[in-house]
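I have placed the structure first, in the form of structure tokens, so that the comments after it can refer back to it.
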Amino acid sequence: MPAWIWSSITDPMIGTANRGLRAIPVWIAYLLLLLPAPVLFYMGLTGGLGVEPIEALEHEYGELALKLVVLGLAVTPLRRWTGLNLMKFRRTIGVVTFVYVVLHLLVWMVLDMQTLDAIWADILKRPYITVGMTAFVLLVPLAVTSNNISVRKLGPRWRVLHRLVYPAAILGALHYILLARGFQIEPLVYMGVILVLLALRLNFGRFRDLVRQ
Numbered sequence: 000m001p002a003w004i005w006s007s008i009t010d011p012m013i014g015t016a017n018r019g020l021r022a023i024p025v026w027i028a029y030l031l032l033l034l035p036a037p038v039l040f041y042m043g044l045t046g047g048l049g050v051e052p053i054e055a056l057e058h059e060y061g062e063l064a065l066k067l068v069v070l071g072l073a074v075t076p077l078r079r080w081t082g083l084n085l086m087k088f089r090r091t092i093g094v095v096t097f098v099y100v101v102l103h104l105l106v107w108m109v110l111d112m113q114t115l116d117a118i119w120a121d122i123l124k125r126p127y128i129t130v131g132m133t134a135f136v137l138l139v140p141l142a143v144t145s146n147n148i149s150v151r152k153l154g155p156r157w158r159v160l161h162r163l164v165y166p167a168a169i170l171g172a173l174h175y176i177l178l179a180r181g182f183q184i185e186p187l188v189y190m191g192v193i194l195v196l197l198a199l200r201l202n203f204g205r206f207r208d209l210v211r212q
């Protein structure tokens, strides 16, 4: 299909989608993204998550966090390659991602491990826990500075600091891969998608110029 025909079809659709997105209040996005948290907890309490509710709840919170990581990383490539503009909700996605990471961590610490000795032993003994905790540590300064005051005070350093999300995303996917029992395709798909989204953020023009020098 010629590019001009494709553009004539998609541009009005993208324009309509962007107008609809601009009309959605940010608080609605917070509400919709956070809604699964209490629903899943209630399901865990009432037997809706199977015979191992703690493990299931821990997994569900962790996977929701990873899905939101993917969504957050997709914001810039989507705008660059398709014109779909989700920038209004990027901070919301980041904050809610951290909330699910904290919930994932709390279920593991409070309901699963229960003691500080057991938590520390697990961090040192199990590589997937070590990797997951490292990803969490990288996300903490991003969550703390996800406000307008920090943006103003840090200036250009704010963008540099928030690039920590890239290694944190890779470590989060690696945590899932190491956690999986046996060969499972789903964790590998998450890692692949994250790597592709990170690659799409690269400035290929600048890279090409460097190679030619």
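Numbering of the sequence shown is given in my numbering, commencing with residue 0 and proceeding in unit increments. Where a beta carbon is used, it is the ideal one built from N, C-alpha and C, also for glycine. Here the structure is a predicted model, which means the values were calculated and not measured.
Burial state of residue i, where buried means 16 or more other Cβ atoms lie within 10 Å
{"i": "residue 41", "result": "exposed"}
{"i": "residue 80", "result": "exposed"}
{"i": "residue 26", "result": "exposed"}
{"i": "residue 182", "result": "exposed"}
{"i": "residue 73", "result": "buried"}
{"i": "residue 37", "result": "exposed"}
{"i": "residue 195", "result": "exposed"}
{"i": "residue 208", "result": "At residue 208 the pLDDT is 43, less than 50, meaning the model places this residue with poor confidence; the figure from the coordinates comes in the next sentence. With fewer than 16 other Cβ atoms within 10 Å, it is exposed."}
{"i": "residue 47", "result": "exposed"}
{"i": "residue 57", "result": "buried"}
{"i": "residue 201", "result": "exposed"}
{"i": "residue 31", "result": "exposed"}
{"i": "residue 15", "result": "exposed"}
{"i": "residue 106", "result": "buried"}
{"i": "residue 155", "result": "exposed"}
Candidates the options, of which the one nearest residue i by Cα
{"i": "residue 147", "options": "159, 187, 90", "result": "90"}
{"i": "residue 13", "options": "71, 33, 83", "result": "83"}
{"i": "residue 43", "options": "87, 149, 55", "result": "55"}
{"i": "residue 197", "options": "178, 180, 167", "result": "167"}
{"i": "residue 101", "options": "137, 117, 116, 193", "result": "137"}
{"i": "residue 61", "options": "182, 161, 172", "result": "172"}
{"i": "residue 214", "options": "158, 73, 126, 163", "result": "Outside the shown range of the chain, which is 0 to 212, sits residue 214, and nothing can be said about it."}
{"i": "residue 69", "options": "130, 50, 201, 192", "result": "192"}
{"i": "residue 142", "options": "189, 112, 163", "result": "163"}
{"i": "residue 139", "options": "67, 58, 161, 49", "result": "161"}
{"i": "residue 59", "options": "71, 35, 113", "result": "35"}
{"i": "residue 87", "options": "114, 159, 24", "result": "24"}
{"i": "residue 78", "options": "20, 188, 190, 149", "result": "20"}
{"i": "residue 103", "options": "39, 85, 150", "result": "39"}
{"i": "residue 18", "options": "50, 85, 51", "result": "85"}
Integer-rounded CB distance, given that residue j should sit under 8 Å from residue i
{"i": "residue 170", "j": "residue 120", "result": "Actually they do not touch by this definition, with Cβ atoms about 21 Å apart."}
{"i": "residue 63", "j": "residue 99", "result": "5 Å"}
{"i": "residue 65", "j": "residue 175", "result": "6 Å"}
{"i": "residue 129", "j": "residue 118", "result": "That pair is no contact at about 12 Å."}
{"i": "residue 111", "j": "residue 53", "result": "6 Å"}
{"i": "residue 131", "j": "residue 96", "result": "Not quite, the Cβ-Cβ distance comes to about 14 Å (not below 8 Å), so this is no contact."}
{"i": "residue 93", "j": "residue 145", "result": "6 Å"}
{"i": "residue 76", "j": "residue 199", "result": "4 Å"}
Residue range of the alpha helix (DSSP H) that includes residue i
{"i": "residue 42", "result": "35-44"}
{"i": "residue 147", "result": "147-153"}
{"i": "residue 181", "result": "That residue, residue 181, is in no alpha helix (DSSP H); it is neither H nor E in DSSP."}
{"i": "residue 61", "result": "52-80"}
Beta carbon proximity, residue i to chain D, threshold 8 Å
{"i": "residue 85", "result": "Included in the structure is just one protein chain, with no chain D present."}
Within the stretch 96-139, ranges of the alpha helix (DSSP H) (whole runs, at least 4 residues): Listed in chain order, they are 115-124.
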